[in-house]
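With mature numbering (1 follows the signal peptide of the UniProt record, and there is no 0) as the guide, the letters of the sequence shown map in order to residues -21 to -1, 1 to 1212. Ideal Cβ placement from N, Cα and C applies to all residues, glycine included. Here the structure comes first, spelled out in structure tokens, and everything after it is commentary.
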Amino acid sequence: MRINTLSFFSLVSLVPTLAVASLSGSVGPLTSASTKAATKTCNVLDYGAKADKTTDLGPPLASAFADCKSGGLVYVPSGDYALSTWARLSGGKAWALQIDGTIYRTGTDGGNMIFIEHSSDFELFSSTSSGAMQGLGYEYHKDNKWSGPRLLRLYDVTDFSVHDFILVDAPAFHFSLDTCTNGEVYNMAIRGGNHGGLDGVDVWSTNVWIHDIEVTNKDECVTSPSKNILVENIYCNWSGGCGMGSLGKDTDISDITYRNIYTWNSNNMMFIKSNGGSGSATNLLFENFIGKHKYPYKTVEFLDKMLTCTLLLPGHGNAYSFDIDSYWASMSSQGGNGVELSNITLRNWKGTEENGAARGPIKIVCPDSAPCYDITIEDFAMWTEDSSRQRQWYSCRNAYGTGFCLKSGSSHVAYEATTTTVSSAPSGYSAATMASDLKTEFGITASIPIPTIPTSFYPGATPYSALMANKGSTAKVRAVVASSKPTTVAAATSTPTEQQTSTSTPAPAVEQPSQQSPEQSAGEVGGCPFGNGRPVPTGPPPAGMGTSQAVDSSPPDGTGVIQLDPWLEPFRDALKKRFSFIEGWVKAINETEGGLETFSKGYERFGLNVQSNGDIVYREWAPNAVQAQLVGEFNNWDVTAHPMTKNDFGVWEVTVPAVNGAPAIPHDSKIKISMVTPSGERIYRIPAWIKRVVQDLSVSPTYEAVFWNPPTEKQYKFQYSRPKRPESLRIYEAHVGISSPETKVATYKEFTSNMLPRIKYLGYNAIQLMAVMEHAYYASFGYQVNNFFAASSRYGTPEDLKELVDKAHSMGLVVLLDVVHSHASKNVLDGLNMFDGTDHLYFHGGGKGRHELWDSRLFNYGHHEVLRFLLSNLRFWMEEYGFDGFRFDGVTSMLYTHHGIGTGFSGGYHEYFGSSVDEEGVMYLTLANEMLHNLYPNCITVAEDVSGMPALCLPHSLGGVGFDYRLAMAVPDMYIKLLKEKKDDEWDIGNLSFTLTNRRHGEKTIAYAESHDQALVGDKTLMMWLCDKEMYTHMSVLTEFTPVIERGMALHKMIRLVTHGLGGEGYLNFEGNEFGHPEWLDFPREGNNNSFWYARRQLNLTEDHLLRYKFLNDFDRAMQLTEEKYGWLHAPQAYVSLKNETDKVLVFERAGLLWIFNFHPTNSFTDYRVGVEQPGTYRIVLDTDDPAFGGLKRNLKETRFFTTDLSWNGRSNFLQVYIPTRTALVLALEETL
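The following block contains the structure:
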């Protein structure tokens, strides 16, 4: 199955993650086996093979391969075959080997029974999941012979998979992957004897995904060089365990992840072994290990030079649990200073070891001349099974990091072993077992029976792909994959050095093979946390996919998302039910309204509409009213002049005939609907679909409706077409009314003339307009909407707003509306509340229809007419005003019946299904996205959701809600927490990187350091946190450049840059924050004597060349323009190669750029070595320390940085840079400048 990986599911801190960690690109064959078979099939029986267990299969197999090697399928049907002449199959392209029979070793040569070499686009599989190779190794082993043949070896094979195949009793190794790339190995069972040297899977390759395999044997191995290896869902069933090594000279291992590893009676859960040697192994993640021990030994060896993925390896009865031995006595010394091990993370280990008093669960022995560093051990709970000695020890030598016996500090000098002994069991060490756990090992003197491939490899984890025997078809190619997620584990895809405080971890993202590899290997790659310790889908979509991802054979029932996130499998029925519910509404709308396109044009039918002959037709839904009349200045408010008639659906209608061919209601004249309730009460309301309301505070705060129908010559006519949808979305969030330094309400026209050129100049390509929908209470910031079809009259006329949007389009700016459909103002006289005398017309009745915290009304999304109103409202803003999309406010409130009030999200997937989910709200949002994207393919929709609901940004066809982007709401919270609670030297660089990259795979994210929320009174902007009172006294260039201002300006730039580069697929800034606006926002209200002093943006500060604000403003512009040139927001997610907690240095690559951040408050570093994948000469394209941005010019822009052809931090090359304290550099290859 071909998969595009690197990131799989990580959602913002509250979402389950399916992560494919460590991979650097697509894996698996390029074409399906069925395609190859259709090209040509070569059946070995046609070349002389016989299924008699006697005739040599070797020559027929070689002949069949010769005919099908250039594109075809070699087929070995069911039956028993003898192999005495080993098959060396070399030079194939676009071919497959289907072995449905069992091949028995009858030859005695050494070497490899089946050797595939120099091949590409290759697949080896059994369509019945029962094909096997039986090595009969016991015939050697019983005589103490250990030098027989391997069963299967692949050498120099690219774009391949091996799956649904069984390997049994190898005389030597079972399966070797040698110098291979882009492979997937899965759904296998490997059975070996209880003796060392009978490795299960040996890997020295690059970009390989190994998963869902059961291994029984007595050894393991990983050899150098190996990079970008992901190993998960491994069942070490009476096996040696997992291991890396033996490591020798010039070791080059990086970006290895082991995750969801279950070890039963193993020698080690994970063993890294060497004796001398040189080189390095870095970025290793071992997560979710479970271990149980009754007997020592057995391992699955997987990779040298890999980042091991830790996946709850249950340690059930292991001799050692985690063992690093750099002086391994069973290996002769290799000379050298030893292999340097760094960036290693162990997370979520539990289970038992055999005898903790004799062999403790943690033994780390690193070389004296190359101490290990940046090791993190967390959530590690192992305990001894020896009831007579209830104690265990942890021992470390020359090892630095955090957790247990590791030594802290940055000196990294050698030290003698330190041992800690404990006599009480840690909490949470007990772990689940597997039903198939073996009761005894397989010996070496008798034949080992051929097993069946299990369907479970790790407690609670669903295999990524069903057995072919259960699917009845060949495997998919280029399928999107999600890595298995531990049931009670924290993020399975986070980087080894990452200190996580969130409930989930990021998963690697799809990367270009040469430029950006999976974040997981050394860093994060985005994701929205789902919480509950589950990995979340993260990272960018696979190549060629946008939000509407293509999933192979996606079922038309809303369960396609499960192919992206297998952890949703337990909720398959819930997804089907949700999908069916939504489709039921679609069907009903199609049958009764002619489809969403017609249904969403309600504004042409409801409200006041002028006909071609000048008549005005007014319709209003008010089923509770017993009488209704249209009244206004045009008929002197006479309730008898224009009575309305009511149809069976509660819709009232009246036609006001034209006068002399012209509308009888004058333009801009006041109108209302008058109604009589069943109790006889006469009530007056503003028409629900009214397009303009006005307010005269000198008379009353209540709005009045006016009929807006300007003469043709005064109607604004759009002159410019909508701009092309930006590949990289850079949003300038703005509020028209505060967009002036004056203490007043600014206008649409002022915004058009003053703000649009500014936004364009700054390099943004999108504007998000707040508070446009009419709201009676100005201080609500536009979030208490009264009149949904009316543009706020505070700022001017509807024609002025149209001009604003049109002029923005002329500058290439798209304009998004901050739409509020999550709730409505509770106002009665000028709102929707109690419109026809009842509290349940547009809203739920009673307490269900009221938001406790917002003091507002909640829509009933399950009512036909409410859907018409809201869907039509969206389309109206698109059609009438030319908006290009929407930012949906308060989506969390719409998704859940509890509205997020008093309820936290742990990330458990159960939180996204069941009674707490407002399925009607989900339905409305899905229909809204379907309607918008079908009618306006370039429409942009953004969701404000804190829950991390999975599939929020996937299309309805896959079971998603259909948004294009979600806001990364955890990011600004992280910054506030850092600035408020941590000293600068306490900043957790790993957590910073994790938070910025923790997002779901395939679901785009808008990152931001701060938005309007942080600018409001009661909170603080970043600049206020950083500079406090000195921003009022020391921002003049004529005053001292104080330490506070120097720090504040430096961190302000660095925070925004790291958020922009690492945080998402879009970026947002609230107006004024780009230059560190010195004031918060506080709208005029009774509590501040209705003052406008803080309800403004002092944009003029950047124009004063004696003030330092200009430097921050110029940096923000340079940042946007650099993104415009290099396009990192639409590039694959970043590869984070370094997160050094001691140096406070963060390094990553994205879009061909090298990003280097030194957050250390005092230390600058000369000749700092930084890994980079692409060789060449690099130049600075952005420097926060540039004097043009108020910096100290500690680097020269014309400096050239030359790479050295030696690997470093998991990258193929390194360069050396000077990185001053609190400085960030962005470097690019010289030829790209």
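Within its own chain, the residues whose Cβ lies closer than 8 Å to the Cβ of M447, once the five positions on either side in sequence are excluded, are F104, S105, S106, T107, S108, H142, D143, N166, T453, A454, listed in chain order. Excluding five sequence positions before and after Y352, the CB atoms of its chain that fall closer than 7 Å to its own CB belong to S321, Y379, G380, H391, given in chain order. At the C-beta level, D647 and V596 stay beyond 7 Å of one another. Of the other Cβ atoms in all chains shown, 16 or more fall within 10 Å of the Cβ of E1102; this residue is therefore buried. When beta bridges are read from the DSSP output, Y54 appears opposite N22, Q77. In the structure shown, D148 falls within a coil segment according to DSSP collapsed to helix, strand and coil. In its chain, beyond the 5 residues on either side, Q608, L609, V610, N614, V633, V635 have a beta carbon closer than 8 Å to the beta carbon of H621. By DSSP's assignment, H621 forms no beta bridge with any residue. For K781, the enclosing alpha helix (DSSP H) stretches over residues 777 to 789. Rounded to the nearest whole angstrom, the CA to CA distance from L741 to V751 is 23 Å.
Between the stretch 113 to 126 and the stretch 35 to 48 there are fewer than three inter-stretch CB-CB distances shorter than 8 Å, so the stretches are not counted as touching. Counting only runs of at least 3 residues, the stretch 701 to 739 fully encloses the following beta strand (DSSP E) elements, listed from N- to C-terminal order: 708 to 714.
A distance below 7 Å between beta-carbons, with the five flanking residues on each side excluded, links L1175 to no residue of its chain. Membership of Y119 in the alpha helix (DSSP H) is indicated by the continuous run 117 to 120. Counting only runs of at least 4 residues, the stretch 791 to 839 fully encloses no alpha helix (DSSP H) element at all. For M654, DSSP records a beta bridge to A607, I662.
For Y699, the closest of R326, V793, S348 by C-alpha to C-alpha distance is V793.
Taking C-beta atoms as the reference points, M902 and W362 fail to come closer than 7 Å. By the neighbour-count criterion, in which a residue is buried when 16 or more other Cβ atoms sit within 10 angstroms of its Cβ, Y663 is exposed.
By the neighbour-count definition (other C-beta atoms within 10 Å, threshold 16), W1134 is a buried residue. Here the C-alpha atom of Y821 lies approximately 10 Å from the C-alpha atom of A601. Counting C-beta atoms within 10 angstroms of its own C-beta, N262 has 16 or more neighbours from the protein chains shown and is therefore classed as buried. The residue among N852, H830, S851, R847 with its C-alpha nearest the C-alpha of G869 is H830.
Per DSSP, R1201 lies in no alpha helix (DSSP H) and is assigned neither H nor E. Under the 10 Å beta carbon count, Q1099 is surrounded by 16 or more other beta carbons and is classified as buried. Between Q313 and A336, the alpha-carbon positions lie close to 31 Å from each other. A Cβ-Cβ distance of about 20 Å is found for the pair F436 and I427, leaving them out of contact under the 8 Å criterion. Going by beta carbons, W1107 and G1150 fall outside the 7 Å limit.
Counting along the chain, Y987 sits inside no alpha helix (DSSP H), nor does DSSP assign it H or E at all. With at least 16 other beta carbons inside 10 angstroms of its own, K1089 counts as buried.
In the DSSP assignment, E632 falls outside any alpha helix (DSSP H) and within the unbroken beta strand (DSSP E) covering 630 to 635.
Residue state for C918 is assigned as coil, using DSSP reduced to three classes.
A111: member of the beta strand (DSSP E) spanning 111 to 113, first to last residue. Counting along the chain, the unbroken beta strand (DSSP E) around R1148 starts and ends at 1144 to 1151. The residues H646, in chain order, have a CB closer than 6 Å to that of P689 in the same chain once the five nearest residues on each side in sequence are set aside. The closest CA to that of Y944, considering only G1066, H1109, E859, E858, is found on H1109.
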